[in-house]
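K.L.:
Pasting in a structure now, in structure tokens, and then I'll have a few things to ask.
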Amino acid sequence: MVESDLTVFGPTSVGWDPATLPNEVVDEDGTPRRIEGFGEPDPRVPARRRRDDPGVVALREHLKANNGIRGLEICTPDEVERAARIYRRDGFVVVRDALDEEHLALFREGCARRLKEILSHPGCDGRKYMAETGRLPHRYCYGTSSASRQMMHDPAWTAMIDLPTTTPILTEIFATDDYLVWGGGGDLSLPGAIEYQHLHTDGVDSQPMGADAEARLSCFRRQGLDIDPNKAFAELDFRTQRLVMDRTTTGVTINFTLTDLTWENGPIREIPGTQTSTQPPPVPAEEPEWMRLSTLVGAPAGSAIFRDVRTWHGATPNLSREVRALPSVEYSAGWRSGTGFQKTMPHDMWQTLSPHAQHICRFIKQAPGVWPYGAGVMHPLTSGRRAAYEREAGVNGEVTSVHTDPRSAGTAIRLFNRDHDGGF
Ligand SMILES: [Fe+2]
3 MVESDLTVFG
13 PTSVGWDPAT
23 LPNEVVDEDG
33 TPRRIEGFGE
43 PDPRVPARRR
53 RDDPGVVALR
63 EHLKANNGIR
73 GLEICTPDEV
83 ERAARIYRRD
93 GFVVVRDALD
103 EEHLALFREG
113 CARRLKEILS
123 HPGCDGRKYM
133 AETGRLPHRY
143 CYGTSSASRQ
153 MMHDPAWTAM
163 IDLPTTTPIL
173 TEIFATDDYL
183 VWGGGGDLSL
193 PGAIEYQHLH
203 TDGVDSQPMG
213 ADAEARLSCF
223 RRQGLDIDPN
233 KAFAELDFRT
243 QRLVMDRTTT
253 GVTINFTLTD
263 LTWENGPIRE
273 IPGTQTSTQP
283 PPVPAEEPEW
293 MRLSTLVGAP
303 AGSAIFRDVR
313 TWHGATPNLS
323 REVRALPSVE
333 YSAGWRSGTG
343 FQKTMPHDMW
353 QTLSPHAQHI
363 CRFIKQAPGV
373 WPYGAGVMHP
383 LTSGRRAAYE
393 REAGVNGEVT
403 SVHTDPRSAG
413 TAIRLFNRDH
423 DGGF
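The opening residue of the sequence shown carries number 3 in my numbering; numbering runs sequentially from there.
Put into structure tokens, the structure is as follows:
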């Protein structure tokens with residue numbers, strides 16, 4: 003039974019379930035397990051999931067005194083060039099007032115409604131909720147909890163694709179308005195998510211070849227950077243090739259804040275400059291304290307956090323009484339051909355979008371009269387999502403399950419839906 007006062011902003015009695023043990027994860031079928039390789043445990047987690055646990059009290063005091071990037075720069079939507087400059091330097095940028103009152107209310111309502119569905123599955127042996135497969139307790143993701151893998155069937159998400167506050171900044175970052183939408187979802191933590199999620203990237207950049215490499219070089223040139231106009235990517239020296247890669251992001255995720263991010267409600271942590279790093283982030287046991295404190299405290303509700311998908315990031319403990327949801331829209335560079343894009347947006351919904359949004363969503367739009375497989379089913383377990391997708395797709399699709407290198411994803415198990423009649 004989900005608490006009736008569930009909201010995604012302000013106090014709620016959701017969360018703080020002491021029956022859910024620290025670092026516990028559930029498998030595909032919802033059985034709690036605490037074994038190596040099934041998720042990344044937080045080696046410094048407090049002993050109990052209770053507000054009065056001495057370890058939680060000590061962590062609260064530590065975070066109150068220290069949490070957050072010192073001097074975090076926050077842009078306004080009209081500071082387009084400044085926002086892009088900070089984004090390219092750090093691998094992320096916070097832009098306040100991205101959502102007006104109407105959009106903020108729409109997103110809050112949609113996120114609360116979908117969270118209710120996720121939490122409607124009770125946990126085992128007296129636990130309040132079923133956890134999400136392969137993710138630390140009290141943490142969920144709207145995208146991976148959807149049986150279609152994305153939230154592009156929900157108007158609360160699709161209304162955020164093309165905003166007057168975000169589109170100019172995306173256009174500046176990609177150096178063109180011809181970028182693409184990949185999907186949308188976003189991570190959330192309930193109050194009492196006392197563990198740090200491991201640092202990871204959402205996309206590993208690989209050496210570009212052929213047309214991809216030339217497309218990235220064109221994007222680099224459009225940024226006005228000084229480079230020999232007659233050379234192809236393969237003819238550039240190593241440092242310049244690397245600079246081209248650094249400056250041409252493969253994907254941008256925008257996470258929207260529905261609450262002020264505070265020292266206690268689980269602000270996302272971002273490690274500046276790591277969008278250009280080719281080495282993996284440190285494992286939890288070796289993560290230095292300064293990285294654990296490198297969080298976006300101070301981003302007010304209604305902000306857009308533009309994140310290079312390559313930048314090291316992770317979720318942090320939510321020791322407050324409010325849900326911290328960061329719903330997202332995920333964009334990718336326009337040189338991608340659409341291969342691998344899953345058709346998760348209903349045709350009827352696509353038709354209601356702006357001309358620009360229709361253009362950038364063309365690869366994720368399902369055919370007229372076909373409902374995207376799995377869309378509308380929210381389930382914390384991979385077994386439940388797989389069943390929903392396969393039931394709707396029938397012979398037109400299949401699901402594969404992959405155990406992921408934890409450094410390259412936020413969850414230990416990922417499902418890949420493959421529509422045979424489109425998308426993949
Ligand atoms: Fe992530």
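Backbone N, C-alpha and C fix where the C-beta goes; we use that ideal spot for every residue, glycine too.
#1: Kindly provide the ranges of any beta strand (DSSP E) runs that are 3 or more residues long and lie completely inside the stretch 232-279, ordered along the chain.
#2: What separation, rounded to the nearest whole angstrom, lies between the Cα atoms of A389 and N232?
#3: Between P348 and C363, what straight-line distance do the alpha-carbon atoms span, to the nearest angstrom?
#4: Note down, in chain order, each residue of its chain lying with its Cβ closer than 6 Å to the Cβ of M123, except the 5 sequence neighbours on either side.
#5: D204: beta carbon under 6 Å from a heavy atom of ligand 1?
#6: Note down the Cα distance separating L328 from L260, rounded to an integer number of angstroms.
#7: My output table needs one value for L121: the three-state DSSP class, helix, strand or coil.
#8: Would you kindly check if the distance between the Cβ of M154 and the Cβ of G187 is under 7 Å?
#9: Per DSSP, N320 forms a beta bridge with which residues?
#10: Bridge partners for F418 per DSSP, in chain order?
#11: In the DSSP assignment, find the beta strand (DSSP E) that holds F308 and state where it starts and stops.
#12: Could you name the residues of the same chain whose beta carbon sits closer than 7 Å to that of H361, not counting the 5 residues immediately before and after it, in chain order?
#13: Going by DSSP in three states, K66 sits in which element: helix, strand or coil?
#14: Which of the three DSSP states is assigned to D189 in this structure?
#15: When you compare only the Cα positions, how much space is there between G425 and N419?
#16: Kindly identify the DSSP beta-bridge partner or partners of M347.
#17: According to DSSP, is V10 helix, strand or coil?
#18: Exposed or buried, which one is P157 when buried takes at least 16 other CB atoms within 10 Å?
#19: Opposite Y142 in the DSSP bridges: which residues?
#20: Please report the Cβ distance between V183 and F222, rounded to the nearest whole angstrom; I am assuming they are in contact, meaning their Cβ atoms lie under 8 Å.
#21: Hey, F11 and R110: beta-carbon distance below 7 Å or not?
#22: State the Cα-Cα distance for the pair T313 and V285, rounded to the nearest angstrom.
#23: Between V28 and R224, what straight-line distance do the alpha-carbon atoms span, to the nearest angstrom?
#24: Considering only residues of the same chain and omitting the five flanking positions on each side of I120, which have a CB-CB separation below 6 Å?
#25: Considering Y333, what are the terminal residues of the alpha helix (DSSP H) in which it resides?
#26: For a quick check, are the C-beta atoms of F94 and E272 less than 7 Å apart?
#27: In angstroms with no decimal places, state the Cα-to-Cα distance between T435 and T252.
#28: Suppose contacts are defined by Cβ-Cβ distances below 7 Å. Is Y144 in contact with R115 by that definition?
#29: Identify whether P48 lies in helix, strand or coil by the three-state DSSP scheme.
#30: Alpha carbon to alpha carbon, what distance is there between Q199 and P282?
#31: In the structure shown, what three-state DSSP assignment does W352 receive?
#32: Which first and last residues belong to the alpha helix (DSSP H) in which V82 is found?
#33: Do the stretch 64-72 and the stretch 44-52 make contact, defined as three or more Cβ pairs closer than 8 Å?
P.N.:
Here's the rundown:
#1: 253-258
#2: 53 Å
#3: 11 Å
#4: The question names Met, but residue 123 in the sequence shown is His. So the qualifying residues of the chain are M132, P382.
#5: yes
#6: 7 Å
#7: helix
#8: no
#9: A195, N267
#10: T402
#11: 306-310
#12: none
#13: helix
#14: strand
#15: Unreliable positioning characterises G425 in this predicted model, as indicated by a pLDDT of 49, which lies under 50. A coordinate reading is not provided.
#16: K367
#17: coil
#18: exposed
#19: L190
#20: About 23 Å separates the two Cβ atoms, so there is no contact after all.
#21: yes
#22: 15 Å
#23: 47 Å
#24: Y142, S147, M380, P382
#25: Per DSSP, Y333 belongs to no alpha helix (DSSP H); it is in the beta strand (DSSP E), 326-334.
#26: yes
#27: Any property of residue 435 remains undetermined from this structure, which presents the chain solely from 3 to 426.
#28: no
#29: coil
#30: 15 Å
#31: helix
#32: 82-92
#33: no
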